[in-house]
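So the protein sequences, as listed, match chains B and A.
According to my numbering, the first sequence is numbered sequentially starting from 1.
According to my numbering, the second sequence is numbered sequentially starting from 1.
Number of protein chains: 2
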Amino acid sequence: MRLSTKGRYAVTAMLDLALNGKTGPVTLAEISENQGISLSYLEQLFAALRSKELVRGVRGPGGGYYLGKSADEISIANIICAVDEWVEFTRCGGRQNCSGGARCLTHTLWDDLSTEIFNFLADISLGDLVRRNLNKKQEEDGSLSIVPQSSSQAA
Amino acid sequence: MRLSTKGRYAVTAMLDLALNGKTGPVTLAEISENQGISLSYLEQLFAALRSKELVRGVRGPGGGYYLGKSADEISIANIICAVDEWVEFTRCGGRQNCSGGARCLTHTLWDDLSTEIFNFLADISLGDLVRRNLNKKQEEDGSLSIVPQSSSQAA
DNA sequence: TAAATACCGACTGAATTACTAGGTAATAAC
DNA sequence: GTTATTACCTAGTAATTCAGTCGGTATTTA
């Protein structure tokens, strides 16, 4: 799976949406200002997120974006795959001098790594990050509640 | 850590070197032909690998490249870091609206992932891949020895 | 001396990133 | 109904990276 700053922008924006969208829709203008991402770039990212139904847009004054599903149902992998479109690392279909050679070995290595990364990110939901933020805020406020993070499964 | 096709090229080339370099130095021309990577691009990659002492070059006719250390002492992470130069994901030094915000949360998430990937790749050595190749060849030859892979630790 | 190899630097087309510019469409407030 | 606000859409663009080409120089073996 591809990991770029683009995916990070998307995750950051979605997290902003999850944190601030509890009382109503959040405009891209707000996210843009909060996170220092250009408005038009956000529009591009959200077009991709919308097509995967990770967010829902509402037009007109007072409009903005909602999460498309609950924060616990959206994994980080979902978000990244939406904007970064999972390019399968060039798989050798048995072609060339691939069998038994260095190239094929590297392919399987990369596939393993790819799976590893995916599982890591698929196992963390937006909801997890939100809760992490709440815990952190509590610590900052002087509270000592170090609550173990509940890890929900979102594929 | 950055993961690109560049790193994959480097790993592939190093694996080719490990597999074919037991009897003498391997020329970049050979690797270029084996792996379908342009000679000049290989030169660039090997300049980086050489500066990290992962390979050792010998000039003149009959020359080529040796591994700089034993295959078990070279981890995949070593190789990738040599050519892809580990760009630390823009860390917020407490600046801006970062504390408690979505941005900082995303940063820690990315740091965690980065560590995860690094550990995965640091735990696999070139030697492991070579042994994997030998096992595979034995299976192809009809032998049934499914030997558990010894996993050596190379940092 | 000649050939083979590593080694070195500048340049290049293609792709991607992050962004700008300039729209149209829907909807709430007046 | 008009207007303002928002999402939504398309095209273009500077900077960067990737992967490669080209044209060298330095070293060593035959």
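Glycine included, each C-beta is placed from N, C-alpha and C at the ideal position.
All values derive from a computational prediction rather than experimental measurement.
Determine the direct distance from the alpha carbon of B/Gly63 to that of B/Thr90, and round the result to whole angstroms. Reliability of the predicted coordinates at B/Thr90 is poor, the pLDDT of 44 falling under 50, and the value obtained from them is presented with this limitation in mind. B/Thr90 and B/Gly63: Cα-Cα distance of roughly 42 Å.
Can you name the residues of chain A whose CB is closer than 7 Å to the CB of B/Val55? Think of a sphere of 7 Å around the beta carbon of B/Val55: no beta carbon from chain A falls inside it, the nearest being about 15 Å out.
Backbone CA spacing between A/Asp84 and A/Tyr9 [nearest angstrom]: Approximately 11 Å, taken between the alpha carbons.
Nearest to B/Asp112 by CA position, among A/Ser40, A/Ile124, A/Gly21, is which residue? Minimum Cα distance to B/Asp112 is reached at A/Ile124.
At a CB-CB cut-off below 8 Å, which residues of chain B make contact with A/Leu109? Going along chain B in sequence order, the residues near A/Leu109 (Cβ under 8 Å) are Val11, Ile76, Ile124, Leu129.
If you measure between the beta carbons of A/Gly36 and A/Leu54, is that distance less than 7 Å? No, the pair does not count as a contact, with Cβ atoms beyond the cut-off.
Going by the beta-carbon positions, is the gap between B/Ala82 and B/Ala48 smaller than 7 Å? For B/Ala82 and B/Ala48, yes; Cβs fall inside 7 Å.
In terms of residue numbering, what span does the alpha helix (DSSP H) encompassing A/Arg56 cover? It is not in any alpha helix (DSSP H) - A/Arg56 instead sits in the beta strand (DSSP E) that spans 55-58.
Any beta carbon of chain B sitting closer than 7 Å to that of A/Asn119? With 7 Å as the cut-off, A/Asn119 does not count as an interface residue toward chain B.
Assuming A/Ile74 and A/Val11 make a contact with CB atoms under 8 Å, what is their CB distance in whole Å? Incorrect: roughly 10 Å between the Cβ atoms, too far for contact.
Within chain A, the residues that B/Leu113 reaches when beta carbons sit closer than 8 Å: Here the neighbours are Leu3, Ile117, Phe120, Leu121.
Can you determine whether any heavy atom of the ligand FAD sits closer than 6 Å to the C-beta of A/Ala47, and answer yes or no? Ligands displayed in this structure: none; no statement on the ligand FAD is therefore possible.
Could you work out which residues of chain A lie near B/Arg103, taking near to mean beta carbons separated by less than 9 Å? The contacting residues are Thr12, Leu15, Asp16, Asn34, Gln35, Gly36.
Rounded C-alpha distance that separates B/Ile79 from A/Phe46: So the two alpha carbons sit approximately 36 Å from each other.
Suppose the cutoff is 6 Å on Cβ atoms and the five residues either side in sequence are ignored; what does the same chain contact list for B/Lys22 look like? Answer for B/Lys22: no residue qualifies.
Run of the beta strand (DSSP E) containing A/Leu67, from where it starts to where it stops: Unbroken beta strand (DSSP E) run through A/Leu67: 64-67.
Out of curiosity, what's the CA-to-CA distance linking B/Pro25 and B/Leu17? Cα-Cα distance, rounded: 8 Å.
Chain B beta carbons: is any one of them nearer than 7 Å to that of A/Thr27? With 7 Å as the cut-off, A/Thr27 does not count as an interface residue toward chain B.
Spatial neighbours of B/Asn20 in its chain, beta-carbon cut-off 6 Å, leaving aside the 5 residues before and after: Val26.
Kindly indicate if chain A contains any beta-carbon less than 7 Å away from that of B/Asn135. Cβ-Cβ to chain A under 7 Å: no for B/Asn135.
Whole angstroms is fine: what's the gap from A/Cys104's alpha carbon to A/Tyr65's? Those two C-alpha atoms are separated by around 44 Å.
Option nearest B/Leu42 by Cα separation, candidates B/Leu28, B/Asn133, B/Lys52: Out of B/Leu28, B/Asn133, B/Lys52, B/Leu28 has the C-alpha closest to the C-alpha of B/Leu42.
Please classify B/Ser51: does DSSP put it in a helix, a strand, or coil? Helix at B/Ser51.
Applying the criterion that 16 or more other CB atoms from any shown protein chain within 10 Å of the CB defines a buried residue, is B/Leu134 buried or exposed? Taking all protein chains in view, the Cβ of B/Leu134 is surrounded by fewer than 16 other Cβ atoms within 10 Å, so the residue is classified as exposed.
Limits of the alpha helix (DSSP H) - the one that B/Ser32 falls within: Taken as a continuous stretch (DSSP letters only), the alpha helix (DSSP H) holding B/Ser32 covers 28-35.
Identity of the residues DSSP links to A/Ser208 by a beta bridge: Residue 208 of chain A cannot be examined here, being either before or after the span of chain A that is shown, 1 to 155.
Taking all protein chains shown into account, decide if B/Leu126 is buried (16 or more other Cβ within 10 angstroms of its Cβ) or exposed. Around the beta carbon of B/Leu126, a 10 Å sphere encloses 16 or more other beta carbons of the protein chains shown; the residue is thus reported as buried.
Coarse secondary structure for B/Cys92, derived from DSSP in three states: With a pLDDT of 48 at B/Cys92, under the threshold of 50, the predicted position of this residue should be treated as unreliable, and no value is reported.
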